[in-house]
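In what follows, a single structure is set out as structure tokens and then discussed.
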Amino acid sequence: MIASPLPDLVGRHRECAALDDLMVGLRGGESRVLVVRGEAGIGKSVLLKYLATQASRVKMTWAHGIEADMELPYASLHQLCAPFLPELDDLPEPQRDALRVAFGMAAGDPPDRFLVGLAVLSLLTRASESRPVLILVDDAQWLDQVSLQTLEFVARRLLAEAVAMAFAVRDPEGRTALNGLPELRIGGLDTAAAGELLEAAVGGRLEKRVRDRFVAEMHGNPLALLEFSRGRSAAELAYGLDSSSHPSAQGPVASRIERDFASRLGSLPAATRTLLLIAAAEPVGDPYLLVRAATILKITPQAGPAKVAGLIEFGESVRFRHPLARSAAYHGAEPEERRAVHRALAEATDPVLDPDRRAWHAAEAAVGPEEEVAAGLEQAADRARQRGGIAAEAVLLERAAEVTPDPRPRGRRALAAAEAHFSAAAPDRATELATVAELCPLSTLDRARLARLRARILFARSRSDEAAPLLLDAAAQFTAAGSPLARETYLEAISATIFAGRVHGPSGARAAAIAARGSGAPPSGSKAADLLLDGVAALLADGYETGVPALRGALELLSHEELDTREATMRWLLLAPVALEAFIHYAWDLHAWDTLASRAVRLARDIGALGALPPALIYAGGVHIHYGDFAEAARKIDEADALAAATGHAPHKYATLVLAAWRGEADVAASIIEEAKESAEQRGEVSLLGAMGYIQGVLFNGLARYEEALEAARTGIEHDGFNFTGLSLVEHVEAATRCGRLDQARASLARLVELTRAADSGWARGASARSQALLADGDDADRLYRTAIEEFSRGAVTVEVARTHLLYGEWLRRSQRRSLAREHLRMAHAMFDGMRAHAFAERARRELLATGEHIRARQTRPTSALTPQESQVATLAANGMTNARIGAELFISPHTVEWHLRKVYTKLGINSRRALPGALASAPATDTRDEGPVPAG
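So, in structure tokens, the structure goes:
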């Protein structure tokens, strides 16, 4: 015999050991996550039950996904969190309010789903302070979408909490659910274990030939073995009633099991079948609702035969033995029978306490289109939107459109459903519903919305310039309708052309800007947004002299615009990236960049907009790169990447590449650059190719590989783009002068002088002066280098200050002014070494050696360096923040904060918060190299 922890767990030693390990870790105060995957009937639910039997002295809560066409936002999450809601008042106010709104406990602005996730993380952390918490989720693939997304977010943020989460996911239906989390894949039982289970089920020994044939045909699936042998003796299986002769024994195992359940249903009394159909149509499992619906249908509930047949279980809730039994009960009924049951359930459902479910049942009961039913679904969709359930809103609006009799409201609802599906990251479904809307009579405003939606779908799939004409057409339609959305859409069209790398030509950004200026579009309702469009249009249509001052005014207003509502804040967070990504470099204003990026980070944190926070952190990281604070830049980038991973978004590679370029990390940058180039070419993001040219220009100039820098910077200049032209020109001038291509350098300098003249900032004047110095001689070069240092310092562009010291020192050495050269080269080396800009520091070191300076090797220290996350936590703690406040700031739990701080204390050799400021000031970095130059004797 093969021993097993439970009768149903024959042959599952490996799986039980993995679950035991999870419980050991949980009881030891560790966070654990496990996704159990396998086909229907393979034993996932039984393994979760085994885990539950091991959960003594643990707080445990369950959720069961149920296959249903209807989706109620946060329904499953509410079920899971119910035992812990008494702790709700202890959460920070934004988290508490978000969770109340999501669960329908209070009215308010639609919450960001990631803020809801943080609230759940905090709630579980609070609950785990007295006893470990175990979360069990069966059939996770059928949870409502926003509940599943929120639980996935929580699972990815667990680190130092005594919380474990175990999910059961059915394949292939759930193949995309919870990907990337630790998993335990379950296969069929081996022959010996399957045979033992089969013989235990039939109560006797089987002939080996019969047993092995039965096991092989069931592929070791435990549920199939149990269900097909149910009620049959060993003799019956041995003499002619084996699986192959059974009418259900054809096709995939799951289909065979469902047909077997259906055959059992057919032998039940009619009243019992109807009762099971009611239970199958109402996934909540409320026995009182079941009885009310049965009474409306004038049947006497007869559950006994169904229980004897092993199809359903009755208790505090009604549950089918297996989801396949529920599927058999529902899909085996005639359409009219299903409609009658839904009609009864709609009548039996409380219209005040559960209006959404009532509306859904009414829709399923409808024989044809009914406006009253459609209006009820539309109202339910609005309630789903208010709770932050975009996916549920989309499904409800789609169903509303299906049952709308009048083509005008049908088109309006189909369009709204398409927009909601697009927002829920379902572009294919959005496209299908957009086609439905297009076939209906739409208002002028709705036609414009449809045109904008189609353009957005196209742009999301490929950053080609095909989207821009569609957006311009939509903007013109919005203008004709007098809609404030017109100016916003014009700005979106310009941004799309720049992403596609098209400034000139009939579908380029300049043409879009001219169209926007001549449109007469009404104000958008946001003065900052209107000024931004005016500034961008002036920059593109009139040139730098007119456009840059207008753009600077827009950026100033955008930095200080008052935002009174969450909706206004969200709109601002959507608008800021347009300025930051496409136009900030034309102002050559690091202070404005810093102000705008810092505000974006603060606003995203304040309202919990975790979708907007990673790009805001990347913009802020870019600022710190130019400030020369590479450690802070790395912290920002690291947090952005961690949040992107937790929220299921792709990481933002741009800042990582820029940082790697300034550090001279060619190996790090190479693979990412090639991957980014390939992606840009596939998606049509020509502007990204320009960015890669600038990045490689910095990298190769730092490494003194000037020919490669020249070619890379030329790429950044010559593509028909916008964003990085100025920065690429700076790199090109340096590389061209080093390669002796003076004509190319002069041509690039002429463009750079024109571009920077309008900005008239320290950064712009410094870039112009230094580039001119590279092509000058004698006193002119000397004066221009000194001017560049002063201007870059005025603009706080520290990396360029250091770089100018380096270039000036190199020029001084070649001019035989060795003493003054050492002064500037020492400064460059010290600055670059402090930043850990290795390639540029090495350039300075080699130049110092050429002047006769001796370089002493830096003495590395044994102290371990802090990770970016540890450094960020330590910095905030040193500034006086509590663990709870740090957790809210970084979207982690206070327990995780404390866990990081313990590691920080160990690494820094301290034992209290009070010692943090001093310890951080003297902490060494990871990648120390040289300690610095030793003055020549």
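Each residue of the sequence shown is one higher than the last, beginning at 183 in the numbering used here.
Just so you know, even glycine gets a beta-carbon here, dropped at the ideal spot from N, CA and C.
All values reported here derive from a predicted model rather than from experimental measurement.
Exercise. Determine which residues share a DSSP beta bridge with threonine 307 and list them.
Key: For this step, residue 307 is matched to residue 125 along the sequence shown. Answer is none; threonine 307 lacks a bridge partner.
Quiz item: Under the rule that 16 or more other beta-carbon atoms within 10 Å means buried, what is proline 174, buried or exposed?
Solution: In the structure as shown, the chain starts at 183 and stops at 1119, and residue 174 therefore has no counterpart that could be examined.
Exercise. Drop a sphere of 10 angstroms on the beta-carbon of asparagine 403, count the other beta-carbons inside from all chains shown, and report buried for 16 or more, exposed for fewer.
Key: Start at 1 with the first residue of the sequence shown, and residue 403 comes out as number 221. The residue in question, asparagine 403, is buried, as its Cβ has 16 or more Cβ neighbours within 10 Å.
Practice problem: Under 7 Å Cβ to Cβ from glutamine 659, same chain only, skipping five residues before and after it: list those, please. | Solution: As a working note, residue 659 is residue 477 in the sequence shown. Correct list, in chain order: Thr626, Arg629, Ala630 and Ala633.
Quiz item: Once you ignore the five residues that flank alanine 545 on each side, which residues in its own chain have a CB closer than 7 Å to its CB?
Solution: Sequence index remark: in the sequence shown, residue 545 carries index 363 (1-based). The residues are Val555, Leu559, Arg581 and Val585.
Quiz item: Which term fits glutamine 998, buried or exposed, when burial requires 16 or more other beta carbons within 10 angstroms of its beta carbon?
Solution: Here residue 998 is taken as the residue at index 816 of the sequence shown, counted from 1. By the neighbour-count rule (16 or more Cβ atoms within 10 Å), glutamine 998 is not buried but exposed.
Exercise. Assign serine 425 to one of three DSSP states: helix, strand, or coil.
Key: Taking the first residue of the sequence shown as 1, we reach residue 425 at position 243. Only weak support is given to the placement of serine 425: the predicted model assigns it a pLDDT of 44, under 50, and the question is left unresolved by the model.
Exercise. List the endpoints of the continuous alpha helix (DSSP H) containing isoleucine 807.
Key: Translated into the one-based positions of the sequence shown, residue 807 becomes position 625. Where isoleucine 807 is concerned, the enclosing alpha helix (DSSP H) starts and stops at 795-809.
Quiz prompt | Three-way DSSP call (helix, strand, coil) for tryptophan 754 in this model | solution = Indexing the sequence shown from 1 puts residue 754 at position 572. Residue state, collapsed to three classes: helix.
Practice problem: Under 8 Å Cβ to Cβ from aspartate 372, same chain only, skipping five residues before and after it: list those, please. | Solution: Counting from one through the sequence shown, the residue named residue 372 turns up at place 190. Take aspartate 372, set aside five residues on each side of it, and the residues of its chain with a beta-carbon closer than 8 Å to its own are Gly193 and Gly402, in chain order.
Exercise. Please list, in chain order, all residues of the same chain as leucine 745 whose beta carbon is under 6 Å from its beta carbon, the five residues on each side excluded.
Key: Sequence index remark: in the sequence shown, residue 745 carries index 563 (1-based). Apart from sequence neighbours up to five positions away, the residues of its chain that approach leucine 745 with a beta-carbon distance below 6 Å are Thr751 and Trp754, ordered along the chain.
Quiz item: Shortest alpha-carbon distance to aspartate 961 belongs to which of Ser1075, Ser665, Trp993 and Ala199?
Solution: On the sequence shown, residue 961 is found 779 positions in, with the first residue counted as 1. It is Trp993 whose Cα lies nearest to the Cα of aspartate 961.
Quiz item: According to the neighbour-count rule (16 or more other Cβ atoms, all chains shown, within 10 Å of its Cβ), is serine 437 buried or exposed?
Solution: By one-based count along the sequence shown, residue 437 stands at place 255. Counting Cβ neighbours within 10 Å, serine 437 comes out exposed, since fewer than 16 surround it.
Quiz item: What whole-angstrom Cβ distance do valine 215 and proline 364 have, given they're in contact under 8 Å?
Solution: One-based indexing of the sequence shown puts residue 215 at position 33. One-based indexing of the sequence shown puts residue 364 at position 182. Yes, they are in contact, since the Cβ atoms of valine 215 and proline 364 sit about 6 Å apart, within 8 Å.
Self-check item: Candidates His1036, Trp844, Ile877 and Val1086: closest to glutamate 856 by CA position
Solution: The count along the sequence shown starts at 1 and reaches residue 856 at position 674. Comparing Cα-Cα distances from glutamate 856 to each of His1036, Trp844, Ile877 and Val1086, the minimum goes to Ile877.
Self-check item: Whether glutamine 875 touches alanine 894 by CB criterion (7 Å)
Solution: For this step, residue 875 is matched to residue 693 along the sequence shown. For this step, residue 894 is matched to residue 712 along the sequence shown. According to the sequence shown, residue 875 is glycine rather than glutamine. Glycine 875 places its beta carbon less than 7 Å from that of alanine 894.
Quiz prompt | Beta-carbon contacts of alanine 1032 that lie in its chain and below 8 Å, excluding the five residues immediately before and after | solution = The residue given as residue 1032 occupies position 850 in the sequence shown. Excluding five sequence positions before and after alanine 1032, the CB atoms of its chain that fall closer than 8 Å to its own CB belong to Arg995, given in chain order.
Quiz item: Which ranges would you report for the alpha helix (DSSP H) in the region 246-304 if only whole runs of at least 4 residues count?
Solution: Counting whole runs of 4 or more residues, the region 246-304 contains the alpha helix (DSSP H) stretches 257-263 and 275-284.
Quiz item: Measuring CB to CB, does arginine 503 end up less than 7 Å from glycine 486?
Solution: To locate residue 503, count along the sequence shown from 1; it is residue 321. To locate residue 486, count along the sequence shown from 1; it is residue 304. No, they are not a contact pair.
Quiz item: Mapping DSSP to helix, strand and coil, what is alanine 431?
Solution: On the sequence shown, residue 431 is found 249 positions in, with the first residue counted as 1. Low confidence applies to alanine 431: its pLDDT is 48, below 50, so where it sits in the model is not reliable enough to give any reading.
Exercise. Please look up how many angstroms separate the CB atoms of tyrosine 1122 and leucine 191, rounded, as I've assumed it's under 8 Å.
Key: Past the edges of the chain, shown from 183 to 1119, lies residue 1122, and the structure says nothing about it.
Quiz item: Nearest to threonine 897 by CA position, among Arg887, Asn883 and His914, is which residue?
Solution: Here residue 897 refers to the residue found at position 715 when the sequence shown is read from its first residue. Per the Cα distances, His914.
Quiz item: Should tyrosine 836 go down as buried or exposed, given a rule of 16 or more other Cβ atoms within 10 Å for buried?
Solution: One-based indexing of the sequence shown puts residue 836 at position 654. Buried is the call here.
Quiz item: For leucine 667, which residues of its own chain have a beta-carbon under 6 Å away from its beta-carbon, when the five flanking residues on both sides are left out?
Solution: For the purposes of this step, residue 667 is taken as residue 485 along the sequence shown, with counting starting at 1. Counting only Cβ-Cβ distances below 6 Å, and skipping sequence neighbours, we find Phe660.
Self-check item: Endpoints, alpha helix (DSSP H) assigned at leucine 407
Solution: For the purposes of this step, residue 407 is taken as the residue at position 225 of the sequence shown. Here the alpha helix (DSSP H) through leucine 407 covers 404-410.
Practice problem: Note down the Cα distance separating leucine 527 from threonine 456, rounded to an integer number of angstroms. | Solution: Walking along the sequence shown from the start, residue 527 turns up at place 345. Walking along the sequence shown from the start, residue 456 turns up at place 274. In a straight line, the C-alpha of leucine 527 is about 12 Å away from that of threonine 456.
Practice problem: Report buried or exposed for leucine 442, applying the criterion of at least 16 other Cβ atoms within 10 angstroms of its Cβ. | Solution: Your numbering for residue 442 matches position 260 in the sequence shown. The residue asked about is misnamed: residue 442 is aspartate in this sequence, not leucine. Under this definition aspartate 442 is a buried residue.
Self-check item: Residues of its chain near arginine 521, where Cβ-Cβ distance is below 6 Å and the 5 sequence neighbours each way are ignored
Solution: Numbered from 1 along the sequence shown, position 339 holds the residue referred to as residue 521. The residues are Ala547.
Practice problem: Could you tell me which residues DSSP pairs with glutamate 495 in its beta bridges? | Solution: Counting from one through the sequence shown, the residue named residue 495 turns up at place 313. Answer is Arg501, bridged to glutamate 495.
Practice problem: Could you spell out the range, first to last residue, of the beta strand (DSSP E) harbouring glutamate 365? | Solution: As a working note, residue 365 is residue 183 in the sequence shown. Where glutamate 365 is concerned, the enclosing beta strand (DSSP E) stretches over 365-367.
Quiz item: So, helix, strand or coil for aspartate 564, using DSSP?
Solution: Taking the sequence shown and counting its residues from 1, the one referred to as residue 564 is at position 382. In the three-state scheme derived from DSSP, where H, G and I count as helix and E and B as strand, aspartate 564 is classed as helix.
Quiz item: With respect to the alpha helix (DSSP H) encompassing aspartate 320, which residues constitute its N-terminal and C-terminal limits?
Solution: By 1-based counting over the sequence shown, the position of residue 320 is 138. For aspartate 320, there is no enclosing alpha helix (DSSP H); the enclosing beta strand (DSSP E) covers residues 315-320.
Quiz item: So, helix, strand or coil for valine 192, using DSSP?
Solution: The residue labelled residue 192 in the question sits at position 10 within the sequence shown. It is coil, neither helix nor strand.
Self-check item: Separation of isoleucine 460 from leucine 147, as counted between CA atoms
Solution: As displayed, the chain neither begins before 183 nor continues past 1119, which places residue 147 out of reach and without an answer.
Quiz item: In chain order, what residues of the same chain lie with their CB nearer than 6 Å to the CB of threonine 488, ignoring the 5 residues before and after it?
Solution: Residue numbering aside, residue 488 sits at position 306 when the sequence shown is read from its first letter. A small fix is needed here, since residue 488 is alanine in this sequence, not threonine. Within its own chain, the residues whose Cβ lies closer than 6 Å to the Cβ of alanine 488, once the five positions on either side in sequence are excluded, are Thr454, Leu458 and Ile494, listed in chain order.
Quiz item: Helix, strand or coil: which one does DSSP assign to histidine 834?
Solution: Taking the first residue of the sequence shown as 1, we reach residue 834 at position 652. Coil.
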